[in-house]
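Numbering (the numbering used here), first residue to last: 18 to 280. Input: a single structure, listed below in structure tokens.
Structure (structure tokens):
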């Protein structure tokens, strides 16, 4: 892994701050910025970048959940189901990751594909200004919520992305959740998923603990600011931010996995 220079410290803290802010707004844990920054800017190998990112996401999700709890943005009944199933899924996904982690091209294509559907769907709703549900809880059967948690937990174990990139759109599109509850509930649901995934990868010796800690420190401030921002902007604006960022990251990973560079 790269040496820790003064510039790298600044870049890691800054990346954590920006990623935490974005993660606080859209409930992703900031991974959509942290992971590509580690890969494309700081030149981490893909497996180490995934491991370090998910370690930092534990910080972001924890502090993000605390901020959203104060704002009343969490459906605790839903989160209890999703986080329990997600932790089991994350363990299974981590085992799969250990089997495929040397195939970096395939990992990049999988990472890109994971973002693509949600990106296109949210950009569409941003353009159409679809506000979403105004309910005071996340509807849906417990079995449906458990299935979502388990499936996204598997992806968290494989991709190290915390799960928010998939939890938020799943809550919104599959369960018709209001955006602010989808974001807050996503944050608290990510904590056990990210923790299981991070612990497994730490045991493999893949995690840059110093780099991940610096990223995490940066997220503490950023995620609090981001959580407050969700109270001040329209839901479709959140979707627009979510969609544009994900579309770019999706294309960059897919093309690089296929041997084509995108700036």
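We put the beta carbon where it would ideally sit given N, CA and C, even for glycine.
I need the DSSP call for residue i, collapsed to helix, strand or coil.
i, result
"residue 115", "helix"
"residue 91", "coil"
"residue 125", "helix"
"residue 53", "helix"
"residue 61", "coil"
"residue 223", "coil"
"residue 278", "coil"
"residue 249", "coil"
"residue 47", "coil"
"residue 120", "coil"
Kindly indicate which residue of the options has the alpha-carbon position closest to the one of residue i.
i, options, result
"residue 174", "159, 186, 208", "208"
"residue 8", "139, 61, 74", "Missing from the structure shown is residue 8; the chain here goes from 18 to 280 and no further."
"residue 32", "42, 59, 258", "59"
"residue 50", "195, 217, 132", "132"
"residue 97", "136, 34, 77, 201", "201"
"residue 136", "210, 258, 76", "258"
"residue 161", "181, 144, 95", "95"
Do you know how far the Cα of residue j is from the Cα of residue i?
i, j, result
"residue 129", "residue 152", "32 Å"
"residue 197", "residue 184", "13 Å"
"residue 92", "residue 39", "21 Å"
"residue 187", "residue 27", "35 Å"
"residue 271", "residue 57", "13 Å"
"residue 269", "residue 214", "24 Å"
"residue 238", "residue 169", "27 Å"
Q) Do the region 100-114 and the region 248-268 touch if we need at least three Cβ pairs shorter than 8 Å? A) no
Q) Taking three-plus beta-carbon pairs below 8 Å as touching, is the region 75-83 in contact with the region 109-124? A) no
Q) Which ranges does the beta strand (DSSP E) cover as unbroken runs of at least 3 residues, wholly within the region 142-200, from first to last along the chain? A) none
(Q) Does the contact criterion of 3 or more C-beta pairs under 8 Å hold for the region 220-227 versus the region 56-74? (A) yes
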